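Worksheet: the structure to be examined is printed underneath.
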Amino acid sequence: MQSDKNTSGMAGGKLSSGFARGARPSVAVLLCSGFIALTQLVGWSFAKARAAGSIDPAFPPLPVSVIAVLVLWVLLYAALALLFRWFDRSRLHQGKDVSRKEERRAFMVVFVLMVLCWLPYLLAFLPGSLPWDGVRSMNQFITDAPLENHHPVLMNALYAGLMTLGRSLYCDNAGLLLIVLFQYLVCAVSFSLMIRQMIAMRSPRWLVVATTAFFCLCPLWGVFAQAAFKDTLFNGVFCLFVLEVVKNLNAGTKGLKPHWLTLFAFSLIVCFVRNNGVYIVLPTLLALMLYFALAPRKDRKARARVASSRTSSVLAVASVAVAVAAVFFCATKLLWPAMGVETREDKELMSVPFQQTARYLVEHPDDVTESEWAAIDAILPFDELAGLYNPDLSDPVKESMRDEGGIMDADERAEYFAAWASMGLRHPATYARATLANTYAYFYPGIIIGQDIDRPVFPLYIQGLPINEEFDVWYIGSAEVREAVEGVLADSLDLPVISAVYSPALYVLALLVVAAYALSRKDALTLVVVLPCFVLLLTVLAGPLNGHLRYVLPLAAALPLLYACALRVPAKAPQG
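FYI, in the working numbering the residues of the sequence shown are 1029 to 1604.
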């Protein structure tokens, strides 16, 4: 403990001298503030057009747009520069050293607080909500629905098993309650462990308190905890994975043995809870390896201590990455097909090109060659695409695929992409508008999309027909209480300040800020921790729905730990 205090004092002295000299302008801050300024103009223009019932963005005249972006850029740069200096000062006021016993006590206190704060939502919607995705997931193993990996097979089996156990003990409502309680436990434990780690890292007290209040008082976590579908569970397991990355980084930089068994376990769980999990896990493990292999050790004693464990750390993480890839490949490419599970679903990867094609047919219906027409019509109903196009949602176009299984013939796919490329070369701006229209709300906090396109922000319903023919579940509490809760939540979507917590853009912008801070301070460790959130964001941007909160919630849950890493001590001081 004494050595940590001495190190903190040295870091504090460097930071203080850095304040005295003043931090020089950072390219990262310039790029971050410029990017945010540009996305605000784009978001405002698309949101204004949407409110007017148009799909054409309402950009101001070019001189006005340029001036607006430049002014906002300057203001954002100044704001970020001040914010980053405040972050630097926060490192000088770290939390106190605590014992393991105190860490465990803090974990239990936070855990109990979370459960109690989430409880009113469960009691109001007892035994829990069952959205469309939750029904479809369990149908795989309880009904005669064909087996598919649209929702990961192991997660489907887990939820179906809990439902079967509950109905064997009492009724379907008991099965739904078992699923919800399981999710409650996973999420509450993972968030509490994250706060415990922040305390162990001596994060600033304001950050620990704000994080606890965020998880306890923000309605999102209680509302999603009572909804039985994969998104809720993924919030928890994603945080556990990021937490394990942080622990391995801390262990590796101290010359300790990485927690490779738990890293392997949580990496594998992330891969099997969401299909995009493998795209998050493998790049993160690669970055972890590179950090252990390349991170400089300026302190001689630290370098001597860590050098002996550098190779073992790299090999351990490499082994985890290979093992995860091997298990995932064997399961999805060999085992699932052998069990009759359909693992291919091409249409789920086609949101971006399908939206671009549909918008092209809206804007340029007469600029299509016969071969392009034939290539598109072989996969999608050409004459219907313009009418199906929804700028915020790719599902109407995707669901019109001629192959109901969502699988494209290899030759037809090649011909489609040839047509898609040739059309895009003629009108690239149309493709850009299609992509921006389907993603801008992830960066622009001035709009919340979902309720008005039958994709509610809050999963407060039990799905019935046509997909739910099997599960006899119902809310057992007072309808008046449920309506009152839903009314309060719906009203909060329109409140100027409170509504910000329901905007996915708030959390995406916060991610950009912490990444820019880490880049400006040349903090490689934090950048490794930021990486899984950035990869998650990329998969979300390639997804079907513009600005939907549930896709960004895992990122929102992990953000406090990212900031804790960025504000840790010791850290690289800003250069004068």
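Just so it is clear, CB atoms sit at the ideal spot from N, CA and C, and this is done for glycine as well.
Everything numeric in this text was worked out from a predicted model, so none of it was measured.
Exposed is the label assigned to Asp1395, since fewer than 16 other Cβ atoms lie within 10 Å of its Cβ. Around the CB of Met1378, 16 or more other CB atoms lie within 10 Å, so the residue is classed as buried. Contact between Phe1382 and Lys1426 holds, with the beta-carbon distance rounding to 6 Å and staying under 8 Å.
No Cβ-Cβ contact shorter than 7 Å links Leu1104 with Ser1054. Judged by their CB atoms, Ala1546 and Thr1554 are nearer to each other than the 7 Å cut-off.
In this structure, DSSP gives Ile1170 a helical state, which the three-state scheme calls helix. Using a Cβ-Cβ distance cut-off of 8 Å, the region 1279 to 1295 and the region 1246 to 1259 are not in contact, since fewer than three pairs of beta carbons, one from each stretch, lie closer than that value. Annotation: Asp1200 to Glu1498 spans about 9 Å, alpha carbon to alpha carbon. Using a Cβ distance threshold of 7 Å, Asn1304 and Asn1466 do not count as a contacting pair. Residue pairing by DSSP places Ser1157 opposite Ala1255 in a beta bridge.
In the three-state scheme derived from DSSP, where H, G and I count as helix and E and B as strand, Ile1490 is classed as strand. DSSP places Val1556 inside the alpha helix (DSSP H), whose first and last residues are Ala1552 to Leu1569.
Residue state for Asn1201 is assigned as helix, using DSSP reduced to three classes. Across the structure, Ala1460 and Ala1077 are spaced so that their CA atoms are roughly 16 Å apart.
In this chain, Ile1083 is not harboured by any alpha helix (DSSP H), its DSSP state being neither H nor E. Between the region 1341 to 1360 and the region 1417 to 1424 there are fewer than three inter-stretch CB-CB distances shorter than 8 Å, so the stretches are not counted as touching. Here Leu1408 carries a coil assignment [DSSP, helix/strand/coil]. CA-CA distance, Leu1363 to Gln1168, rounds to 16 Å. In the three-state scheme derived from DSSP, where H, G and I count as helix and E and B as strand, Glu1427 is classed as coil. Distance check between Leu1193 and each of Ala1185, Thr1371, Leu1186 and Gly1203 places Gly1203 closest, using alpha-carbon atoms only.
Going by DSSP, Gln1383 is part of the alpha helix (DSSP H) stretching over Ser1379 to Glu1391.
Linking Ser1422 to Arg1128 through their CA atoms gives a straight-line distance of about 50 Å. Here Met1429 really is in contact with Leu1408; their C-beta atoms are around 6 Å apart, less than 8 Å.
Relative to the Cα of Arg1230, the nearest Cα in the group Gln1211, Glu1130, Leu1151 and Leu1245 belongs to Glu1130. With a 10 Å radius around the Cβ and a threshold of 16 neighbouring Cβ atoms, Thr1312 comes out buried.
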